[in-house]
Amino acid sequence: MNYLEDNLTKWRLIILKPAERYLKRLSSEHQARIIRALKLLQQDRNLVDIKSLQGRPEWRLRVGNYRILFVIDPENTIYTVTLIKPRGDVYK
7 MNYLEDNLTK WRLIILKPAE RYLKRLSSEH QARIIRALKL LQQDRNLVDI KSLQGRPEWR
67 LRVGNYRILF VIDPENTIYT VTLIKPRGDV YK
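Just so we're aligned, residue 7 is where the sequence shown starts under our numbering, counting upward by one.
Below is the structure:
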């Protein structure tokens, strides 16, 4: 589990191991784009393209051809990233 913390935001971001492992396998360019999007999510979720998934507790963050699934814990102000995958594989 990895924490991405930003002193300017009140939201913490937790990246679970499977998502972290997948992120590390990507090119540095894709890693940077995804991390930049996650930091924007921490600052203000209106700055990024997110959507609640029907029938599931997760939300979806779109970054190019990648989808990041995460859960929102408003009581503890935490976003938990559960999965990072290419668009075609993430919902299987």
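Cβ coordinates follow ideal geometry from the N, Cα and C atoms, glycine included.
- Message: Using 8 Å as the threshold, is the C-beta distance between L47 and L67 below it?
- Response: yes
Review point. Do you know offhand how far T83's Cα is from L19's?
Key: 9 Å
Secondary structure at S58, three-state DSSP: helix, strand or coil? strand
Practice problem: Measure the beta-carbon distance from I40 to L22 and round it to whole angstroms, keeping in mind my assumption that it falls under 8 Å. | Solution: 14 Å between Cβ atoms; not a contact.
Practice problem: Would you list the residues sitting across from T86 in a DSSP beta bridge? | Solution: I20, V77
Next on the checklist: Just verifying my parser: in three-state terms, what is the DSSP assignment at K30?
Outcome noted: helix
**Prompt:** Nearest-angstrom Cα distance between S33 and Q60?
**Reply:** 31 Å
Use the C-beta contact count for R73: other C-beta atoms within 10 angstroms, 16 or more gives buried, fewer gives exposed.
buried
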